[in-house]
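These notes are about the structure you will find just below.
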Amino acid sequence: MLRTLYHQIGQYKRASAATPVLTALEVVMDVLIPYVTAMLIDRGIMAGNMQAVYLYGLLMVGMALLSLLFGILAGRVSAYASTGFASNLRQAMYRNIQRFSFQDIDRYSTSGLVTRMTTDVNSLQNAYQQILRVTVRAPFRLLLSVVMCLVIDPRLSLIFILAMLVLGVSLYFIISRVARLFQQVFVKYDELNQSVQENVTGIRVVKAFVREDYENKRFGRAADALYTLYTRAESLMALNHPVMNMVVYGCIIALSWWGAHFIVGGTLTTGELTSLFTYVMSILQALMMLSMIFVMLTQSAASAKRVSEVIEHQPSITNPQEALTTVADGSVEFRNVRFDYEHHPSSGETEGGSVHKRSALFNVSFTIASGQTIGVIGGTGSGKSTLVNLISRLYDTTQGQVLVGGRNVKEYDLTTLRNAVSVVLQQNTLFSGSVLENLRWGKADATLEECRRACRMAQADEFVNEMPQGYDTKIEQGGTNVSGGQKQRLCIARALLKNPLVLVLDDSTSACDTHTDALIQKAFREELSQMTKLIIAQRVSSVQYCDRILVMDNGQLTGFDTHENLLRDNALYREIYDIQTHDTGDFDKEGGEA
2 MLRTLYHQIG QYKRASAATP VLTALEVVMD VLIPYVTAML IDRGIMAGNM QAVYLYGLLM
62 VGMALLSLLF GILAGRVSAY ASTGFASNLR QAMYRNIQRF SFQDIDRYST SGLVTRMTTD
122 VNSLQNAYQQ ILRVTVRAPF RLLLSVVMCL VIDPRLSLIF ILAMLVLGVS LYFIISRVAR
182 LFQQVFVKYD ELNQSVQENV TGIRVVKAFV REDYENKRFG RAADALYTLY TRAESLMALN
242 HPVMNMVVYG CIIALSWWGA HFIVGGTLTT GELTSLFTYV MSILQALMML SMIFVMLTQS
302 AASAKRVSEV IEHQPSITNP QEALTTVADG SVEFRNVRFD YEHHPSSGET EGGSVHKRSA
362 LFNVSFTIAS GQTIGVIGGT GSGKSTLVNL ISRLYDTTQG QVLVGGRNVK EYDLTTLRNA
422 VSVVLQQNTL FSGSVLENLR WGKADATLEE CRRACRMAQA DEFVNEMPQG YDTKIEQGGT
482 NVSGGQKQRL CIARALLKNP LVLVLDDSTS ACDTHTDALI QKAFREELSQ MTKLIIAQRV
542 SSVQYCDRIL VMDNGQLTGF DTHENLLRDN ALYREIYDIQ THDTGDFDKE GGEA
C-alpha cells in the first residue's frame, strides 16, 4: 500500500523533500528564540547591560523573521505537493477504473468508487500535507526542546520525560479504538453516496411515485449511521484534550515548585527558568501535535487502504499475451458455457467474508453462422443480457468457451474484439454534447453523411432533423432532453457506425413503437445482410423473422430454431406467442433482472 501511494507522488517529490527542510529550519529558529531570551534576561536586564539587551533583542527579531519566512515557504511548497499528490491519485484511480470489467465495477459499486475518488482522496491530501509539515515540525520541536532543557538543567528535564510517558499511554488507548471506527465510517460514506446518487438520477421516478418521504427516510438512516460512528470516534478523540491539559498544568506546577527551589539555592537563574517555561509549553504543544497526527493518520489509513485497493486492483479481464488483432468473421459459438455473478465483501465488512455466487447461465451451447440474424427471447431473469455480454467479453465465462470468428474470445485483443462486436446495452447512455459528438463515439472520424446513414437505418434521422440545430443540437447530461425511444435509436446508430462484424441489441427497441421497431428490423435485413445480428426482445414480433431464435429460461437454453418450428415444438415459446398475440401483452416471468 505504501509503495503504491509513494509512486503517486511522482513529479512532486522535489517539493515534498523541500517542505521538511524548510519546516526544520523554521523549528530551529523557533526553538532558539527562548534560549536567546534567557541570555537577554540574565546578561542584559538582570545585569543592567543595555548593549546586551539591544544585541540579543535584534538577534531575536532576526530569528523571528527567518522563522516566518521559512514557515511561509514551507506552507506554499507543501500545498503544491499535497494537491499534486491528490491529483495523481485521482488520475491513477480513474485510469485503472477505465480498465475494469463489469465484474470489477460490480465489486466496488459506482457509489463506492465515487467516495474513494472524492472523500478518501481529500482525506489523503490533507494527511499528506500534515505529514510533510507537522510530522517534521512536532518531533523536531520535541527533540530540540528536550535537548535545550537538558542543556539548561538536566534535573528538571525529568518532568518532561514523565509527561511524555503519560501522553504516550493515552494516545495508544485512543488510537487503538478510533482506528476500527474510521474503517467503518468510509463504508457508511459509500452507502450515503449511493442514496444520493440513486435519488438524483431517478428524481423523476421519485416524484412520479410521490416517494419523497421514503427517500428522505432512507437518506436519514444512512446519515444517522454515519453520525453515530463519527460521534463515537470523535468522543474518543476528545479525550486527548483533557489529558493534555492535565499534563500541561502538572508540568507547570512541578516546574514552578522545583524551579523556585533551585533559584533560591543558586543553581538556576531567572532567565533559565523563564526559558524552561517556554520549552515545557513547546514540548507539550509538540506532543499535542503528535497526538493529532496519530489520530489523523489513523483516519487516513482507512482511506489509504481503499484508494490503494482501486489503484492496485488487477482487472479481471485483460489482454492475453500475443493477442489476436483480427477477427475472421461474425460467427459466434457457445460451448458448455456456465456463468456465475460474484459478490465480494466490501472494505470494512467482516474480514474473511466469503465471496457469494449467483448462477446466471447453465451449460449453454449453440452455433451462429456469420451473417445470420438471431433473436433472443425469454422472461426477465432468464439470462438473456448475461448471454450477449459474454460475446464481447464484458464478463468472462465461469466454465466453457465463447468463440467469435472461430477463436476463443479470451485470445483476442480487447479493442479488436469490442470493435468487431458492437453492443447496444439494455441501459442506454448518452453523454453531454451534441448529437454528432455522441454518434462519433462509434467512429471518431465519421463524416456527417456516415452519421446520417446510420441514423436512417436506426430510424433516428427524421427526429434529429426536426431538432432546433439538427445534428449540432446539444444533448443534456444523461440524455434528458430526448425520449426513451429516441435515446435508443441514437444508441443503435452509434453502434452501427462501428461497422462491426457482430451487432448485439440488448432489448434496445423496447421504448420504440411496433411500427418503428419493424422499420429498424427491415433496414437491418436489407442493408446489413452480411452482419451477424443478435436481437434481444420481449416481443415475438421483433424476432419472428430472424433466421433462428434462442429461447432462454432460468439460465438455460430451451430452444434454438426458427419461429415456425419453435411454435410447433417449444412449449415456452408457444406460451409467449399465445399471450402476446391473444392478449397483446409482453411476456415476463418472475425473477431477477437478466
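Sequential numbering of the sequence shown, starting at 2, is according to the working numbering. C-beta atoms are modelled at their ideal positions from N, C-alpha and C, and glycine is treated no differently. These numbers were taken from a predicted model, which means no experiment stands behind them.
- glutamine 195 versus Val179, Arg222 and Gln92, residue with shortest Cα-Cα distance: Arg222
- Task: Tell me where the alpha helix (DSSP H) around lysine 488 begins and ends.
- Result: 485-497
- Message: So, with DSSP's three-state summary, where would you put valine 328?
- Response: coil
- Item | Extent of the continuous beta strand (DSSP E) run through leucine 535 | 533-537
- Out of curiosity, what's the CA-to-CA distance linking proline 21 and histidine 8? 19 Å
- Query: Using the C-alpha atoms, what's the distance from glutamine 460 back to threonine 517?
  - Reply: 7 Å
- Message: Can you look up phenylalanine 340 in the DSSP assignment and give me helix, strand or coil?
- Response: strand
- Message: Give me the residue from Pro35, Phe103, Phe141 and Ala16 with the minimum Cα distance to alanine 80.
- Response: Ala16
- For glycine 480, does the count of other Cβ atoms within 10 angstroms reach 16, so buried, or fall short, so exposed? buried
- Message: Can you list, in chain order, the residues of its chain with a C-beta nearer than 6 Å to that of glutamine 400? Leave out the 5 residues immediately preceding and following it.
- Response: Arg339
- With DSSP as the reference, please indicate the residues paired to serine 423 in a beta bridge. Leu504
- Task: Output the boundary residues of the beta strand (DSSP E) element that contains glycine 376.
- Result: 374-379
- Query: For threonine 368, which residues does DSSP report across the bridge?
  - Reply: Glu334
- Message: Along the chain, where does the alpha helix (DSSP H) containing phenylalanine 525 start, and where does it finish?
- Response: 515-528
- Task: With DSSP as the reference, please indicate the residues paired to methionine 553 in a beta bridge.
- Result: Gly379 and Leu558
- Straight-line Cα distance separating asparagine 420 from serine 348: Caution is warranted here: a pLDDT of 46 is assigned to serine 348, below 50, making its placement in the model unreliable, and no coordinate value can be reported.
- Item | Contact check, glutamate 310 vs arginine 91, beta carbons under 9 Å | no
- Decide if the segment 279-288 is in contact with the segment 45-54; the criterion is three or more beta carbon pairs, one per stretch, under 8 Å apart. no
- Query: In or out: phenylalanine 71 buried (at least 16 other Cβ within 10 Å) or exposed?
  - Reply: buried
- Task: For threonine 299, decide whether its Cβ has a neighbour in chain C, counting only Cβ atoms nearer than 9 Å.
- Result: Included in the structure is just one protein chain, with no chain C present.
- Item | Coil, strand or helix - phenylalanine 101 by DSSP | coil
- Where alanine 303 falls: helix, strand or coil (DSSP): helix
- Query: Skipping 5 residues on each side, what residues in its chain have a beta carbon closer than 7 Å to that of valine 248?
  - Reply: Ala164, Val167, Leu168 and Leu285
- Query: From glycine 353 to glutamine 315, what distance separates their C-alpha atoms?
  - Reply: Unreliable positioning characterises glycine 353 in this predicted model, as indicated by a pLDDT of 43, which lies under 50. The coordinate reading is nonetheless provided below. When rounded, the distance between both Cα atoms is 20 Å.
- Message: Rounding to the nearest angstrom, what Cα-Cα distance links threonine 474 and alanine 512 in this structure?
- Response: 22 Å
- Could you please give the first and the last residue of the uninterrupted alpha helix (DSSP H) stretch that includes leucine 26? 14-40
- In the structure shown, what three-state DSSP assignment does glycine 169 receive? helix
- Task: Go to glycine 401, then tell me how far its beta strand (DSSP E) extends in each direction, as first and last residue.
- Result: 400-405
- Where the alpha helix (DSSP H) through arginine 142 begins and ends: 122-153
- Task: To the nearest angstrom, report how far apart alanine 305 and isoleucine 521 are at their CA atoms.
- Result: 50 Å
- Message: With a threshold of 7 Å on Cβ separation, who are the neighbours of cysteine 456 within its own chain once the five nearest residues in sequence on each side are excluded?
- Response: Asp462, Val465 and Ala494
- CB-CB length for isoleucine 378 against isoleucine 577, believed under 8 Å: 7 Å
- Cβ-based neighbour list, serine 102, same chain, cut-off 7 Å, excluding 5 preceding and 5 following: Pro316, Ser317, Ile318, Leu395 and Tyr396
- Task: Measure the alpha-carbon distance for leucine 568 versus aspartate 554 and round it to whole angstroms.
- Result: 16 Å
- What's the C-alpha gap between threonine 232 and tyrosine 129? 25 Å
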